[in-house]
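So the protein sequences, as listed, match chains A and B. First residue of the first sequence: 1, per the numbering used here; consecutive thereafter. First residue of the second sequence: 396, per the numbering used here; consecutive thereafter.
There are 2 protein chains.
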Amino acid sequence: MLLNSSLLTEAMQRQGFDALIATMPENVTYTSGFWAMSQWIRRGPQAYVLTPKPDAGEPAIITSTGIIDLAVESDVWVKDIYRYGSFFFDRNEGVELSAVDTRMLEILAKPHDPDPVSALVRAIKARKLENGRFGVDEIGITPDYWDKLATALPNATFVRASNAFRYARAIKTPEEISRLRRSAQIADLSIKAAFDAASEGITERELARIFHNTTINEGGEPVLGCVGCGTRSALTNVQPSDYALKQGDILRFDAGGRYRHYRADIARNAVLGEPSKKLRTYHRAICVGLDRAIEMIKPGVRVSDVFHAGVEAVRKEGIPHYDRSHIGHGIGLDGYDAPDIAANNDAVFEEGMVICVETPYYELGFGGLQVEDTMVVTRDGVDSFMLTSTELRVV
Amino acid sequence: MLLNSSLLTEAMQRQGFDALIATMPENVTYTSGFWAMSQWIRRGPQAYVLTPKPDAGEPAIITSTGIIDLAVESDVWVKDIYRYGSFFFDRNEGVELSAVDTRMLEILAKPHDPDPVSALVRAIKARKLENGRFGVDEIGITPDYWDKLATALPNATFVRASNAFRYARAIKTPEEISRLRRSAQIADLSIKAAFDAASEGITERELARIFHNTTINEGGEPVLGCVGCGTRSALTNVQPSDYALKQGDILRFDAGGRYRHYRADIARNAVLGEPSKKLRTYHRAICVGLDRAIEMIKPGVRVSDVFHAGVEAVRKEGIPHYDRSHIGHGIGLDGYDAPDIAANNDAVFEEGMVICVETPYYELGFGGLQVEDTMVVTRDGVDSFMLTSTELRVV
Chain A
1 MLLNSSLLTE AMQRQGFDAL IATMPENVTY TSGFWAMSQW IRRGPQAYVL TPKPDAGEPA
61 IITSTGIIDL AVESDVWVKD IYRYGSFFFD RNEGVELSAV DTRMLEILAK PHDPDPVSAL
121 VRAIKARKLE NGRFGVDEIG ITPDYWDKLA TALPNATFVR ASNAFRYARA IKTPEEISRL
181 RRSAQIADLS IKAAFDAASE GITERELARI FHNTTINEGG EPVLGCVGCG TRSALTNVQP
241 SDYALKQGDI LRFDAGGRYR HYRADIARNA VLGEPSKKLR TYHRAICVGL DRAIEMIKPG
301 VRVSDVFHAG VEAVRKEGIP HYDRSHIGHG IGLDGYDAPD IAANNDAVFE EGMVICVETP
361 YYELGFGGLQ VEDTMVVTRD GVDSFMLTST ELRVV
Chain B
396 MLLNSSLLTE AMQRQGFDAL IATMPENVTY TSGFWAMSQW IRRGPQAYVL TPKPDAGEPA
456 IITSTGIIDL AVESDVWVKD IYRYGSFFFD RNEGVELSAV DTRMLEILAK PHDPDPVSAL
516 VRAIKARKLE NGRFGVDEIG ITPDYWDKLA TALPNATFVR ASNAFRYARA IKTPEEISRL
576 RRSAQIADLS IKAAFDAASE GITERELARI FHNTTINEGG EPVLGCVGCG TRSALTNVQP
636 SDYALKQGDI LRFDAGGRYR HYRADIARNA VLGEPSKKLR TYHRAICVGL DRAIEMIKPG
696 VRVSDVFHAG VEAVRKEGIP HYDRSHIGHG IGLDGYDAPD IAANNDAVFE EGMVICVETP
756 YYELGFGGLQ VEDTMVVTRD GVDSFMLTST ELRVV
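#1: Following the continuous beta strand (DSSP E) through A:I61, name the residue where it begins and the one where it ends.
#2: Any idea if A:S190 is buried or exposed, counting beta-carbon neighbours within 10 angstroms, 16 or more meaning buried?
#3: Going by the beta-carbon positions, is the gap between B:A733 and B:A665 smaller than 9 Å?
#4: Less than 8 Å between the CB atoms is what I'm expecting for B:I436 and B:I463, so what's the real figure, rounded?
#5: Which whole-angstrom value is the C-beta distance of B:I661 and B:V701, which I expect to be below 8 Å?
#6: Would you mind working out which of A:K128, A:K125, A:R127 and A:L149 sits nearest A:V136, comparing C-alpha positions?
#7: Give every residue of the same chain whose Cβ lies closer than 6 Å to the Cβ of A:G289, excluding the five residues on either side of it in the sequence, and list them in chain order.
#8: Three or more C-beta pairs under 8 Å: does that hold for the segment 157-169 of chain A against the segment 318-337 of chain A?
#9: Excluding the 5 residues preceding and the 5 following A:G300 in the sequence, name in chain order all residues of the same chain whose CB lies nearer than 6 Å to its CB.
#10: When the Cβ atoms of the segment 53-66 of chain A are set against those of the segment 17-33 of chain A, are three or more pairs found closer than 8 Å?
#11: Looking only at DSSP bridge pairs, what is A:G228 linked to?
#12: I need the boundaries of the alpha helix (DSSP H) containing B:G684, first residue and last residue.
#13: Quick one: what's got a C-beta closer than 6 Å to B:A514's C-beta in the same chain, skipping five residues either side?
#14: Spell out whether any CB of chain A is found under 9 Å from the CB atom of B:V423.
#15: Could you name the residues of chain B that A:T231 contacts, counting a contact when the two beta carbons are closer than 9 Å?
#16: By the three-class DSSP mapping on this structure, what secondary structure does A:A338 have?
#17: Taking 8 Å as the cut-off, does the segment 272-282 of chain A touch the segment 241-248 of chain A (at least 3 CB pairs, one atom from each stretch)?
#18: I'd like the list of long-range same chain contacts for A:C356, defined as Cβ closer than 8 Å, with 5 residues on each side in sequence excluded.
#19: Helix or strand or just coil, what does DSSP make of B:D485?
#20: For B:V471, collect the residues of the same chain with a Cβ closer than 7 Å to its Cβ; drop the 5 residues on either side in sequence, then sort them by chain order.
#21: At which residues does the beta strand (DSSP E) containing B:L341 begin and terminate?
#22: Write down the C-beta distance between A:V95 and B:G763 rounded to the nearest angstrom, noting that I regard them as a contact closer than 8 Å.
#23: Select from the segment 189-206 of chain A all residues with a C-beta closer than 7 Å to any C-beta belonging to chain B, and list them in chain order.
#24: For A:H308, count the other beta carbons within 10 Å of its own beta carbon; 16 or more makes it buried, fewer makes it exposed. Which is it?
#25: Could you tell me which of B:H721, B:V633, B:I689 and B:I681 sits nearest to B:I714, measuring between CA atoms?
#26: According to DSSP, is A:R182 helix, strand or coil?
#27: At a Cβ threshold of 9 Å, is A:N4 touching chain B?
#28: So, are the CB atoms of A:H261 and A:T51 less than 9 Å apart?
#29: Would you mind stating whether B:Y654 and B:I581 have Cβ atoms separated by less than 9 Å?
#30: Return the first residue and the last residue of the beta strand (DSSP E) that B:D475 is part of.
#31: For B:I597, which option in B:Y638, B:G614, B:N608 and B:L619 has the closest C-alpha, if you only look at C-alpha atoms?
#32: Using a Cβ cut-off of 9 Å, pull out every chain A residue sitting near B:H607, in sequence order please.
#33: If you check the beta carbons only, do A:F195 and A:F158 fall under 9 Å apart?
#34: Suppose you measure from the CA of A:L392 to the CA of B:S784; what does that come to, to the nearest Å?
#35: Identify the residues that DSSP records as bridge partners of A:T270: which are they?
#36: Determine the extent of the alpha helix (DSSP H) in which B:T497 is found, giving its start and end residues.
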């Protein structure tokens, strides 16, 4: 299961909620397994998951009828489905139906509501929670639907609570760790494939195509593909252009897709031909900084201490003016989960966090260098997901 | 330019707005050309575009400092940039900088605000609009930031106005039509490549990989890939599995990526081996229905009339029980722009609308069939973007 239900319950209890309502795609998938496609690929379509506190009823999915086929997939562990809107399915009477088709017919036989909030209200009333206190993920529900919900249940209390989901999502379940490991490895293999093909004259677009095609062939989906060569590598979010690789150019990849909905975000660098002394020194410095930060990470260690140690090591090892606002972040269904590895973050690392640690450096007129690894925090350190080293690859 | 500024101005004037504030990724890109990456690939990151009414000042982009490299790209026509948050860039003093790097340094030399709403408020005050009436796209701004905005400008009025953007986006500019044409054609070529490779034993996943790899090789990005074979094709949003193609199986593709941020959404069907009589009859019926609907479309024709004619033709030509809630929709930066080609839509088609027209049919235990074409409404009809016919392809 994706959901860390004891943490979500803890967050609910701390804030005195009778139930949580997930509304953004990441939180809907997280609390049910339901990949509500229209909500993932567009803005506005509504899908919710109602998660009552322990002993206050079963969780429920609220979805448009048009995507109930995705709500009955075997990955979805929430079985009570409320649908809204009509959608026409016919049935071939002559044949036996598959398990999925049979489940669809069962759900289609139940009544549907005219809109998502009416369906949500029905789920709430079925659990006798109409006077309850609800934590609502405020990111995915539109303001009009929030108002409609508050009007429909005048004795209930609705509190913005996207942070409760973010809190639970920070500590990954074994299934999440397994998907995140594979996701990071797909990104790693995809960068390696692009570096393997790199030679004078290849364009950023061609490198990006090799990267994304490899991701697809390994079973992932493209999301992030910042690929910059030469001085363009200093543009943080550089999008691949027709710039063609020249001798001495840096190649910087900051990239990663999704695997079974879980994000990857890693970074590696190469150089065409012999690196300059400055490039060699600077790259070594960011690698040492990364290593220093990673060495320190274990449960109980303060996040800000790791930040300062990493930045200090880069400065000492060759980039005296190095500065950053963060050197990493959690990763999961969202590309930026907690914790943010930043100067002022007093949180501590905990076992089961999956984190990206990075020491990027951007110098306009020179180039950008960035090493970023993904790992899970274990009982006494970290377990890295990476297949390749951070070394500056000479191509 | 992507923006249909006369329509956006008209929407602003009709509702008496002094300015519009775009907050969701589609509307930010639409009103400025700025592809605010973090906002596109995550939920929560804030980027805005302030568009004052004519003679009330220049438009402005509000962005985090971390993505200003994307705000200075040549595609971005809004030049006044307000940034929030710090981000460290260094500068190689010894060399001359590119135009992009120079623009970055100019913007970095200006002060930054601590958060997106502070930057937005500064842009509003610089235009002396602090007592104005604002139409705010309510989809992308988080409720906390909406409240902060209202508190910061107590004499201003803020009205939910995502519909003003949707209204303008319905009629495409020549640049949008050109991107949408290419996007549709990439999807069409990608389905053709998958059908070309289809033979007994190939899995849905393998077919989807060919589809997505082709999209990438043609310069697009994967988004939608519903690929179902056999009776699984009746699952509306079927996600590719390890199901292997058998003799007599239907293959249904409902798929499309993005090209330069613009969506594709088309559908085609194939069959492995000779189609049954039922399959042939049903497929012909949905094709005739599609043709009938498309034939009728021209400026001034009522959308609901096209809906009824299309559905009626499918019924008459071989699926007497055929029913739908819509038979198509606009397409643009969002996969579902106006108009929704539905039974109760009293709107009329207008020149410059880019639309997907579709007649899908889903029968559990039999399969799903769907033909979907994309086209632009011209002065006296439509100009189709498609390269392949809707015929049932025998593989």
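Backbone N, C-alpha and C fix where the C-beta goes; we use that ideal spot for every residue, glycine too.
With the structure as the only source:
#1: A60 to S64
#2: buried
#3: With respect to B:A665, B:A733 sits apart: the two C-beta atoms are not nearer than 9 Å.
#4: Actually they do not touch by this definition, with Cβ atoms about 17 Å apart.
#5: Actually they do not touch by this definition, with Cβ atoms about 18 Å apart.
#6: A:L149
#7: G310, A313, V314 and T359
#8: yes
#9: V348
#10: yes
#11: A:R252
#12: K672 to M691
#13: These residues qualify, in order along the chain: I457, Y477, Y479 and D508.
#14: no
#15: N487, V490, L492, S493 and D496
#16: strand
#17: yes
#18: D265, I266, G328, H329, G330, I331, E372, D373 and T374
#19: Three-state result, B:D485: strand.
#20: Exclusion of the five residues before and after B:V471 leaves S427, G428 and F429 as the residues of its chain whose Cβ lies within less than 7 Å of its Cβ.
#21: The question about residue 341 of chain B has no answer, for chain B in this structure spans 396 to 790.
#22: With 8 Å as the limit, A:V95 and B:G763 do not qualify as a contact, their Cβ atoms being about 15 Å apart.
#23: none
#24: exposed
#25: B:I681
#26: helix
#27: No, A:N4 does not count as interfacial toward chain B.
#28: no
#29: yes
#30: Note, B:D475: beta strand (DSSP E), D475 to Y479.
#31: B:Y638
#32: H212, N213, I216, E221 and P222
#33: No, they are not a contact pair.
#34: 50 Å
#35: It should be pointed out that residue 270 of chain A corresponds to Ala in this sequence rather than to Thr. Its beta-bridge partners are A:L251 and A:R393.
#36: A494 to A504
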